[in-house]
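**Q** Per the numbering used here, the sequence shown starts with residue -17, numbered consecutively.
Built from N, CA and C at the ideal position, the CB exists for glycine as well.
Note that the structure is predicted; figures quoted are calculated from it, not measured.
Sharing a structure here in structure tokens format.
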Amino acid sequence: MALEEALVNACLHGNLELDSELREADENLFQQLSRQRATQAPYAQRRIFVDAQCTPTSFQCVIRDEGNGFDPSQLPDPFSEDALERTTGRGLTLIRSFMDEVQFSARGNEVLLIKRKITLPSSRLPESESAVLPEMSTVL
-17 MALEEALVNA
-7 CLHGNLELDS
3 ELREADENLF
13 QQLSRQRATQ
23 APYAQRRIFV
33 DAQCTPTSFQ
43 CVIRDEGNGF
53 DPSQLPDPFS
63 EDALERTTGR
73 GLTLIRSFMD
83 EVQFSARGNE
93 VLLIKRKITL
103 PSSRLPESES
113 AVLPEMSTVL
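Dropping the structure here:
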């Protein structure tokens, strides 16, 4: 869910330069603009880059868009009481809820997501799940 939300944010808010306030004010206009921009220069030529690595101890994913970025210090507090009640802008709250670490680049067009493996005592795991997985590294 966090990965999907980060990719949607990169597409809509990054590459297509659509903001949450527009979506909150007029969902139909937001959808119309997203369809238009997906076929217009310079938006249509922009790409999203994904670099993912999975090891026995963690999953890390960097997502970078080609948009103008944003100032991460201006983001609303995702853990405030009203964060989940807002009609828009809940994506960051969801991302931070599912991931152990979330870091934005200074430019605001790149996000690093980290999820660490939870290690349970082997006595609590079924025998088939207590074996160590071979190390894997994947780049998408």
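1. Of the choices Leu(-15), Met81, Leu11, Gln18, whose alpha-carbon is the least far from that of Phe31?
2. So what does DSSP say about Glu20, is it helix, strand or coil?
3. Would you check if there are 3 or more beta carbon pairs closer than 8 Å linking the region -15 to 0 to the region 17 to 29?
4. Taking Glu(-13) as the reference, which of Arg72, Gly90, Asp64 has the closest Cα?
5. Arg46 lies in the beta strand (DSSP E); which residues open and close that run?
6. Please name the residue, chosen from Phe61, Lys97, Phe12, Leu102, that lies closest to Cys43 on a Cα-to-Cα basis.
7. Could you give the first and the last residue of the continuous alpha helix (DSSP H) run that contains Arg5?
8. Relative to the alpha-carbon of Gln95, which residue among Gly49, Ala34, Leu57, Ser55 has its alpha-carbon at the smallest distance?
9. Where Glu92 and Leu11 are concerned, what is the direct C-alpha to C-alpha distance, given to the nearest angstrom?
10. Does the beta-carbon distance from Arg78 to Asp47 come in below 8 Å?
**A** In short, the structure shows the following:
1. Locating residue 31 in the sequence shown gives position 49, counting from the first residue. The shortest C-alpha separation from Phe31 is found at Leu(-15).
2. The count along the sequence shown starts at 1 and reaches residue 20 at position 38. With the sequence shown as reference, residue 20 is identified as Ala, and Glu is not the correct amino acid for it. It is coil, neither helix nor strand.
3. yes
4. Position 5 of the sequence shown, counted from the start, is the residue given in the question as residue -13. The candidate whose alpha carbon is nearest that of Glu(-13) is Arg72.
5. In the sequence shown, residue 46 corresponds to position 64, counting from 1. Start and end: 40 to 47.
6. Within the sequence shown, residue 43 is the residue found at index 61, counting from 1. Looking at the Cα atoms, Lys97 is the closest of the given residues.
7. In the sequence shown, the residue the question calls residue 5 occupies position 23. First-last of the alpha helix (DSSP H) with Arg5: 2 to 7.
8. Position 113 of the sequence shown holds residue 95. Sequence inspection shows Leu at residue 95; the Gln mentioned does not correspond to that position. The option with the nearest alpha carbon to Leu95 is Ala34.
9. Looking up residue 92 in the sequence shown gives position 110. Looking up residue 11 in the sequence shown gives position 29. Distance between the alpha carbons of Glu92 and Leu11: 27 Å.
10. Position 96 of the sequence shown, counted from the first residue, corresponds to residue 78. Position 65 of the sequence shown, counted from the first residue, corresponds to residue 47. Cβ atoms of Arg78 and Asp47: not closer than 8 Å.
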